[in-house]
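Residue numbers (my numbering): 2 to 315. Here a beta-carbon is modelled for each residue, glycine too, at the ideal position from N, C-alpha and C. What follows is a short report on a single structure.
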Amino acid sequence: MNTLREAVDDYLRMRRHLGFKLHEAGLYLSDFVTFMEQHEAPFVTRSLALAWAQRSDNVLPSAWGTRLGHVRSFARHRQATDPRTEVPEPGLLRFPPKRAKPYLYPDAQILGLMEAALDMPSPNRLCTFLPRTYYCLFGLLAVSGLRVSEVRSLELRDVDLDAGVLTVRESKCDRTRLVPLHATTREVLADYIDRRKRHWADRPVSNHLFVSSRGTPLDGARIRLVFHRLSRRIGLRGEDDSHGPRIHDLRHTFATRTLVNWYRCGKDPERLLPVLSDYLGHVCIANTQYYLEGSPELMREAMGRLESRWEVQS
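Rendered as structure tokens:
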């Protein structure tokens, strides 16, 4: 019988062949196997799985269930070849999820963020194009509702300026979708791509739309770091604030504005919610319904629609 580590490798390899990325699962299960080896345990037990899921000082209780869930999925697979394996029951370590309160950006703050990006210092020639890069990146996030991971993964081949469409490939849940672009966004992207070609004309560069000063794809952590610095510069966050408006809130702002505009145009947002869900790349429409919450403006429009229906009925 193969070892627990070999079994984890086989499990991950099999599922990745089926199309699952399993980046997080791979990290967690590798750490779990190390924990099991330290305890000289050759097979999964419920007690050790629970102990591992709760052992890290750096992991919040809200993540315990996620950690245990990865072990549970592997244990089900392992039990077929090692009957000694104990599969932790569903529902253990359940912790009510806490969603961050969304922040809805007014236009002035989005423009302020983009203008601050253009004013970023360029310490050397290699960095001179970064201000334009972040200007367009933050602008595209605001007008498209894409995830940060989706924008940083875009390649030049994914931008069809003639058709006015972005191809978002294998994003969350391995889904590929087409995202239409407004004419003004196409103009800005066309100008950006032209400037990008000129800047990198005599040096090797990645095919990604947005690249670092070294010509490599932008790192997600770096994008967030720049966002936090610019947020402080324009007053969205205090100098010592560890929390504040998030870059992901640009996506929430886009979705909320779409719903508000539908109300104002006399359309029924609830009936159109599946359209927005597909556009945002959600697998479950319940994830899109989250955007119905947290906006006073959206609630006013909804109440206005409800009151008008009452007037018609009376």
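{"Check": "My guess is that Ser145 and Val180 are in contact by the Cβ rule of under 8 angstroms, so how many angstroms apart are they, rounded?", "Outcome": "6 angstroms"}
{"Check": "Taking just the CA atoms, how far does Ile194 sit from Cys137?", "Outcome": "10 angstroms"}
{"Check": "Given a cut-off of 8 angstroms on the beta-carbon distance, is the pair Pro107 and Met121 in contact?", "Outcome": "no"}
{"Check": "Per DSSP, Glu156 is paired with what?", "Outcome": "His209"}
{"Check": "Have a look at the DSSP bridge pairing and note the partners of Arg178.", "Outcome": "Val169"}
{"Check": "Compare the Cα-Cα distances from His253 to each of Val206, Val149 and Leu19 and report the closest residue.", "Outcome": "Val149"}
{"Check": "By Cβ distance below 6 angstroms, which residues in the same chain neighbour Glu312 in space, the five residues on each side in sequence not counted?", "Outcome": "Low local confidence applies: a pLDDT of 48 at Glu312 is under 50, so the model's placement there is unreliable, with the coordinate-based value given in what follows. If we look at Glu312 and ignore the five residues flanking it on each side, it has no Cβ neighbours."}
{"Check": "Using a Cβ-Cβ cutoff of less than 8 angstroms, which residues in the same chain neighbour Leu19 once the five nearest sequence positions on both sides are dropped?", "Outcome": "none"}
{"Check": "Between Asp83 and Asp10, what straight-line distance do the alpha-carbon atoms span, to the nearest angstrom?", "Outcome": "15 angstroms"}
{"Check": "Starting from the C-beta of Ala184, find all residues in its chain whose C-beta is less than 8 angstroms away, skip the five residues before and the five after it, and write them out in chain order.", "Outcome": "Gly165"}
{"Check": "Indicate the three-state DSSP secondary structure (helix, strand or coil) for Asp161 in the structure shown.", "Outcome": "strand"}
{"Check": "Check Pro218 in the structure and name its three-state DSSP category.", "Outcome": "strand"}
{"Check": "Can you name, in chain order, every residue of its own chain whose Cβ lies under 7 angstroms from the Cβ of Glu275, other than the five neighbours on each side?", "Outcome": "Glu is not the amino acid found at residue 275; the sequence shown has Pro there. So the list reads Ile286, once near-sequence residues are dropped."}
{"Check": "Apart from the five residues on each side of it in sequence, which residues of its chain come closer than 8 angstroms, Cβ to Cβ, to Cys266?", "Outcome": "none"}
{"Check": "Which residues bound the alpha helix (DSSP H) around Pro132?", "Outcome": "Leu131 to Ser145"}
{"Check": "Restricting to Cα atoms, I'd like to know which of Leu142, Gly216, Ala76 and Leu30 is closest to Arg85.", "Outcome": "Ala76"}
{"Check": "Would you be able to state if there are at least three C-beta pairs under 8 angstroms between the segment 147–161 and the segment 206–225?", "Outcome": "yes"}
{"Check": "Given Leu49, which residues of its chain have a CB within under 8 angstroms of its CB, disregarding the five upstream and five downstream residues?", "Outcome": "Phe36, Met37, His40 and Ala42"}
{"Check": "State the Cα-Cα distance for the pair Ala101 and Leu251, rounded to the nearest angstrom.", "Outcome": "13 angstroms"}
{"Check": "Among the candidates Gly113, Trp201, Tyr12 and Glu87, whose CA atom is the shortest distance from the CA of Phe139?", "Outcome": "Gly113"}
{"Check": "According to the neighbour-count rule (16 or more other Cβ atoms, all chains shown, within 10 Å of its Cβ), is Pro205 buried or exposed?", "Outcome": "exposed"}
{"Check": "For the alpha helix (DSSP H) that contains Gly66, what are its first and last residues?", "Outcome": "Trp65 to Gln80"}
{"Check": "Shortest alpha-carbon distance to Leu30 belongs to which of Leu61, Pro62 and Ser74?", "Outcome": "Ser74"}
{"Check": "Please report how far the alpha carbon of Arg14 lies from the alpha carbon of Val45, in whole angstroms.", "Outcome": "19 angstroms"}
{"Check": "So the candidates are Pro218, Arg238 and Lys22; which of them puts its Cα closest to the Cα of Glu156?", "Outcome": "Pro218"}
{"Check": "What first and last residue would you give for the alpha helix (DSSP H) that runs through Phe36?", "Outcome": "His24 to Gln39"}
{"Check": "Please go through the same chain and pick out, in chain order, the residues whose beta-carbon is closer than 6 angstroms to the beta-carbon of Asn208, but skip the five residues on each side of it.", "Outcome": "Glu156 and Leu157"}
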